[in-house]
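In our numbering, the protein residues as written are 36 to 259.
Glycine included, every Cβ here is placed at the ideal spot set by N, Cα and C.
What follows is one structure encoded as structure tokens, with my remarks underneath.
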């Protein structure tokens, strides 16, 4: 049990939400934390299930999505290593409004609501980090609304490419997941996504090879 607790503490200390906490605070949170080994394609939680805590992704990728009655899926967010998710619903006492599914093998930590609430009452660092994370989430939501409302499909794809680190002329971006999932995240069809990539390639702005996209003319992308 002691080894398991230390392991969880090590994981938590490398997550932005908990990185500034004291060892004693990490120890308390570790007591209310459960490890989840999730295989690719498995469900972490389903829409409608009660939210009894927050999740932290240690490695792997997870998609948060909703499915309409005809069966069409909309990817709301792609969760990456170090991300936490589920905080807002945890505080509100609401059921999950999305389904979380592993895109690859993942290690997920589930931190119970009771432990989080107890530590928030004592830790200014945790309170600040939690507010910062929720504010970033709200800012991202507003960016999405602006993108869906005011930007063309091509502008959304270009914006997605330009958000990658080290995005400059000659650099190659490797898509971290399937084009279909990225297209859903950008609120366009996979076919439209492929046509946009082809159009950008035809204009000499990018070069596409499978999941690898090389930036040929960054300024041209910005001006497109």
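Alpha-carbon spacing of residue i relative to residue j, whole angstroms
| i | j | result |
| --- | --- | --- |
| residue 71 | residue 259 | 44 Å |
| residue 161 | residue 141 | 25 Å |
| residue 43 | residue 187 | 44 Å |
| residue 36 | residue 63 | Bear in mind that the predicted position of residue 36 carries a pLDDT of just 42, short of 50, making it too unreliable to give a figure here. |
| residue 240 | residue 69 | 46 Å |
| residue 252 | residue 176 | 29 Å |
| residue 164 | residue 111 | 23 Å |
| residue 237 | residue 194 | 18 Å |
Sheet register partners of residue i (DSSP bridge)
| i | result |
| --- | --- |
| residue 115 | 96 |
| residue 147 | 88 |
| residue 71 | 143 |
| residue 136 | 78 and 98 |
Whole-angstrom C-beta distance between residue j and residue i, which should lie under 8 Å
| i | j | result |
| --- | --- | --- |
| residue 123 | residue 97 | No, residue 123 and residue 97 are not in contact; Cβ-Cβ is about 17 Å, not under 8 Å. |
| residue 133 | residue 92 | At roughly 15 Å, the Cβ-Cβ gap does not stay under 8 Å, so residue 133 and residue 92 are not in contact. |
| residue 212 | residue 247 | About 14 Å separates the two Cβ atoms, so there is no contact after all. |
Reference residue i; option with closest CA among the options
| i | options | result |
| --- | --- | --- |
| residue 56 | 158, 204 and 236 | 158 |
| residue 151 | 47, 257 and 256 | 47 |
| residue 107 | 225, 243, 50 and 257 | 225 |
| residue 196 | 185, 117, 235 and 79 | 235 |
| residue 206 | 102, 198 and 250 | 250 |
| residue 227 | 198, 202, 189 and 128 | 189 |
| residue 215 | 202, 52, 230 and 148 | 230 |
| residue 148 | 128, 139, 135 and 166 | 128 |
Three-state secondary structure assigned by DSSP to residue i
| i | result |
| --- | --- |
| residue 103 | coil |
| residue 160 | helix |
| residue 225 | helix |
| residue 88 | strand |
| residue 66 | helix |
| residue 44 | helix |
| residue 53 | coil |
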